[in-house]
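S.K.:
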Amino acid sequence: MSPMPFFCTDDARRLARRRLPRLVFDYVDGAAGDETAAALNRSALQSIRLQPRVLENVEARSLVKSLLGQDYGLPFGIAPMGMCNLVAPGADRLLTEEAVRRNVPHCLSCLASTTLEDIRARSGGHAWFQIYVGQCMALAKELIDRAEAAGYEVLVFTVDVPLVGRRLRDLKNGFQVPFRMGPRQFADFAVHPRWSLRTLLSGAPKPMNYETAENAVGFDRNASRANADWGFLAWLRNRWKGALIVKGVMSPADALRVKAAGVDAIWVSNHGGRQLGSAPAAIQALPQIRRTVGPDFPLLFDSGIRSGEDVVKALAMGADFSMLGRPFLYAIGAAGAKGMTTLFDILEEDISTTLAQIGLTSVEQVDGNALASTPEPHGDDRDVPERLVELAHTAKG
Ligand SMILES: Cc1cc2nc3c(=O)[nH]c(=O)nc-3n(C[C@H](O)[C@H](O)[C@H](O)COP(=O)(O)O)c2cc1C
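Taking the numbering used here, the leading residue of the sequence shown gets 11, the next gets one more, and so forth.
(1) By Cβ distance below 7 angstroms, which residues in the same chain neighbour L30 in space, the five residues on each side in sequence not counted?
(2) What are the uninterrupted segments assigned as beta strand (DSSP E) that are 3 or more residues long and contained completely in the region 81-138, given in chain order?
(3) Kindly indicate which three-state DSSP category T364 falls into: helix, strand or coil?
(4) From the beta carbon of I58, is the nearest beta carbon of chain D less than 9 angstroms away?
(5) Alpha carbon to alpha carbon, what distance is there between C94 and D7?
(6) Would S362 pass as a contact of R59 if the rule is Cβ separation under 9 angstroms?
(7) Does the separation of the CB atoms of A271 and R177 fall below 9 angstroms?
(8) Inspect the beta-carbon positions of N219 and A122 and report whether they are closer than 9 angstroms.
(9) In its own chain, which residues sit with a C-beta less than 6 angstroms from the C-beta of D198, not counting the 5 before and 5 after it?
(10) Mapping DSSP to helix, strand and coil, what is M260?
(11) Between G282 and ligand 1, is there a pair consisting of the residue's CB and a ligand heavy atom that are separated by less than 8 angstroms?
(12) Report the residue from A326, H281, V321 whose alpha carbon sits nearest the alpha carbon of R300.
(13) By Cβ distance, which residues of its chain are closer than 8 angstroms to M350, with the 5 residues on each side in sequence left out?
(14) Any contact between the region 252-261 and the region 231-242? By contact I mean 3 or more CB pairs, one from each, below 8 angstroms.
(15) So, are the CB atoms of T168 and G258 less than 9 angstroms apart?
(16) Would F311 pass as a contact of S279 if the rule is Cβ separation under 9 angstroms?
Pasting the structure below:
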């Protein structure tokens, strides 16, 4: 058996940093503004302590987690990421094939470099589809029709990008989609010949769902998406008969209103700190959102998860399921398909070991009792109008 290329996400990140052109690594690794929201996502997760327990029989442990009526093999999945094939040709397909092998969801971004039909055909139902709305309403509606026709059962509507956040690394590197190569990018690619050759041979990745759309309007990554509003969410709930998840909620008041709109689940996230540099850590927002939507309403969580212990912490703080973004691209950037498998193995083993340390035999048992101390609530319950609380608790779900 070949040796493991890395033993933790940080090692994978370091390897990816060496192997990828700076422009590509920074696109994956970077965040908005002064990048403090991304840093806080990490430090807040690290400050959460789990309670060790002893003399429980924890010989047999289960990592199976149920979400939206489906049993997944692990309590986490793959968050949507645009332009993954920049990291390595075929990255979207690698992600979906591993998701099928591990029985976890892979949420495909509408900005993926592979068509939604291609990924659905390979996924055997593990693929979810994520949309942004804006720029062109006809295009968004066309993508929803295509997702339905392709057989997607779960649609994720990302709501935290009214405008793309100011990501200074991308601005400084001249990062653009589609690519335009100037002398600086050329120098960057020249010192990473392995990446450049493979990418050149496969052709520069493109946002394929947009390239293949009838209503294609010349893709502009920075176009405003600010016209997506509560009215659109009401329209979408009515239009999409499958499961609908709203991604990017950080405020309890917004969570209640989203729940009242009849969605099936809320995805608590600050977009990995890529949108608002001054946003609080997403994990801090989670317990209060859990309290306001009630104990049974499905909540997903992402932003800053880097280990199996972090996945368990998110469950303990009120999530039903976690999603990870950057770690998968670090893993592929570090070691391709082998990196992907290694990362899943590491996370799986870490979750299982963590369960044993805290005296539990199933991820379904993890709740607030697993915490060594009660987390400080973030924000103030008084921010949530009574009217909304009532509305949300009488709503579907
Ligand atoms: C390279 C990259 C591209 C992303 N593209 C999208 C996207 O197209 N749609 C979306 O909803 N979120 C997108 N995200 C955000 C992720 O879905 C997720 O919220 C975030 O990465 C979670 O934080 P983490 O990277 O710390 O795990 C992207 C994130 C990264 C790193």
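Even for Gly, the Cβ is constructed at its ideal location relative to N, Cα and C.
M.R.: According to the data block:
(1) Shown here for L30: same chain residues with a beta carbon closer than 7 angstroms to its own, the five before and five after excluded, namely V97, H202, W205, G343 in chain order.
(2) Complete beta strand (DSSP E) runs here, min 3: 86-88, 116-119.
(3) In the three-state scheme derived from DSSP, where H, G and I count as helix and E and B as strand, T364 is classed as helix.
(4) In the structure shown, chain D does not exist; there is a single protein chain.
(5) Here the chain covers residues 11 to 407 and nothing more, so residue 7 does not appear.
(6) Contact flag unset, no.
(7) 9 angstroms or more divides the Cβ of A271 from the Cβ of R177.
(8) Yes, the pair counts as a contact, with Cβ atoms nearer than the cut-off.
(9) Once the five neighbours on either side are set aside, the close Cβ partners of D198 are P31, R32, L33.
(10) In the structure shown, M260 sits in coil (DSSP, three-state: anything other than H, G, I, E or B).
(11) G282 has its Cβ nearer than 8 angstroms to a heavy atom of ligand 1.
(12) Closest option to R300, Cα to Cα, is A326.
(13) When the five nearest sequence neighbours on each side are left out, the beta carbons in the same chain lying within less than 8 angstroms of the beta carbon of M350 are those of L104, L105, E108, F338, A341, I342, in order along the chain.
(14) The region 252-261, when compared against the region 231-242, does not touch it at the 8 angstroms Cβ threshold.
(15) Using a Cβ distance threshold of 9 angstroms, T168 and G258 count as a contacting pair.
(16) Closer than 9 angstroms, so yes.
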